[in-house]
Amino acid sequence: MTSSMILVTGGTGYIGSHACVALAQAGHELLILDNLCNSRADVVDRLEILCGTRPEFIVGDVRDAAALDKLFACYPISAVMHFAGLKAVGDSIEMPLEYYDANVNGTLQLLAAMRRAQVKTFVFSSSATVYGHPASVPVREDSPRSATNPYGRSKLIIEEILDDIHRAEPDWRIARLRYFNPVGADESGLIGEDPQGIPNNLMPFVAQVAVGTRELLNVWGNDYSTPDGTGVRDYIHVVDLAEGHVAALDYLTRKGGLLTVNLGTGKGYSVLDMVKTFEQACGHVIPYKIASRRAGDVAQCWADPSLANELLGWKANRTLKQMCSDAWRWHQGGQTHCRIQSDQ
Ligand code: NAD
Ligand code: UFG
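Heads up: the sequence shown begins at 208 in my numbering, then just goes up one per residue.
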């Protein structure tokens, strides 16, 4: 009989599925809750292969208080990793209510259910978006925070709520993990990022051009004050990011408290660096054209990841080359399989 389990909300999604693999490798038993609004149930079959055992999987919504109470009553949950939420910046501007409901209300419902069940260890998917337009790089955790859109504001609000909860009830163990730009996939090619519709983010777009789904990449601006004029970001391999979650959980178990850390590499790469490295991974040219700047974009953003290194003993190790070759493997194999099934 399992003595304790980690509840992973959004565990069939991009980052959550990779976190499941890292957690299973570290010996944790898993219970996934996902409403499948942006992922597929067959991810669980793939996780069974990668984890060695099949995670428990419940299709459900984090806003469903009764379903949450049932989960906490039926399973020996000791901690929650909360990935479930909506993440498209543009959609959040068009549908703020839906975004605040899914992200803020969803998190509140989950936290309230946790308190009813006296489960007080919580790892939250925050984002570098809470730094708004960073005044300087590398960005440290004590940099000023602001929101430039409802998605970012939802993350900021949740960060504040977690602060308040910890102040009122210091026995909560809370991690606020601020992700920079997660890319890549598990090296097996079995799980990865599978965005619906036209991708907003650079890496899935580049990959879709590489496989021929899209004709060419629009590079949003080459007149920034960066080495080649294109935007610079801190791309982090999703498996490094997943391992950061295991380290954060381990830290909370040992030390408790409220942990707030950047999860990034500390290195910035430009759009054209990404294109070049992806071309090497896929072995052919990625056509692109320079287009005007995308509204709201910052020229450059990368993390100072030294606090995570100091507190968690964690560091992102995987190279840009690995990020691109692993993403390419996924786009050639696993994702095509998913697409074929979903088109039927
Ligand atoms: P994703 O969309 O792939 O995964 C989210 C999962 O949550 C999906 O499987 C979706 O079906 C599920 N979900 C959404 N709303 C739900 C609800 N109400 N109840 C239950 N399940 C629900 O996204 P991801 O890239 O894996 O992101 C995970 C988390 O990390 C999100 O909170 C996101 O805001 C945050 N984050 C992502 C990035 C990024 O670039 N991918 C960067 C910073 C932070
Ligand atoms: N870019 C292009 N063409 C594209 C897509 C992106 O040139 O088709 C450029 C952007 O202009 C930017 C860089 O590629 O310079 C990265 O863009 P992404 O959209 O991949 O990533 P962002 O850093 O702009 O934003 C992402 C998430 C946000 C989150 C932020 C920090 O989309 O939600 O990372 O975590 F807030």
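We put the CB at the ideal spot given by N, CA and C, even for glycine.
| query | result |
| --- | --- |
| Gly218 CB to nearest heavy atom of the ligand UFG below 6 Å | no |
| Inter-residue CB distance, Leu566 and Pro389 (contact presumed, cutoff 8 Å) | Past the boundaries of the shown model lies residue 566; the chain is included only from 208 to 551, so the question cannot be answered. |
| Gly463 versus Asp378: straight-line alpha-carbon distance, rounded | 8 Å |
| Proximal residues to Arg500 (C-beta, below 7 Å), its chain only, five neighbours per side dropped | Trp427, Gly428 |
| Classification of Thr526 by the beta-carbon crowding that lies within 10 angstroms, buried from 16 upward | exposed |
| Close Cβ partners of Val344 (< 8 Å) along its chain, the five nearest in sequence each way excluded | Gly475, Gln507, Cys508, Trp509 |
| heavy atom of the ligand UFG below 6 Å from Trp427 C-beta | yes |
| Residues sharing a beta bridge with Thr216, DSSP | Leu240, His289 |
| Alpha-carbon spacing of Leu479 relative to Met288, whole angstroms | 34 Å |
| Range covered by the beta strand (DSSP E) that runs through Thr467 | 465–470 |
| Leu243 beta carbon near the ligand NAD (any heavy atom closer than 6 Å) | yes |
| Whole-Å CB distance - Asp511 paired with Val346, under 8 Å assumed | 6 Å |
| Cα-Cα separation between Gly292 and Ile493, rounded to whole angstroms | 32 Å |
| Phe329 Cβ short of 6 Å to the ligand UFG heavy atom set | no |
| Three-way DSSP call (helix, strand, coil) for Ser513 in this model | helix |
| Helix, strand or coil at Asn388 according to DSSP, with G and I counted as helix | strand |
| Thr328, enclosing alpha helix (DSSP H) - first and last residue | From DSSP, Thr328 is part of no alpha helix (DSSP H) but of the beta strand (DSSP E) over 328–334. |
| Expected contact under 8 Å - CB spacing of Ala417 and His538 to nearest Å | 7 Å |
| 3-residue-minimum beta strand (DSSP E) runs that sit fully inside the region 390–475, ordered along the chain | 424–427, 442–444, 465–470 |
| Val215 versus Asn245, Arg253, Ile265, Gly259, residue with shortest Cα-Cα distance | Ile265 |
| Residue ranges of each beta strand (DSSP E) within the region 277–323, 3 or longer | 284–289 |
| Residue of Thr219, Ser353, Asp271, Met410 minimising C-alpha distance to Glu255 | Thr219 |
| Arg500 - DSSP class collapsed to helix/strand/coil | coil |
| From Asp457, Gly520, Ala488, residue whose alpha carbon lies closest to that of Phe329 | Asp457 |
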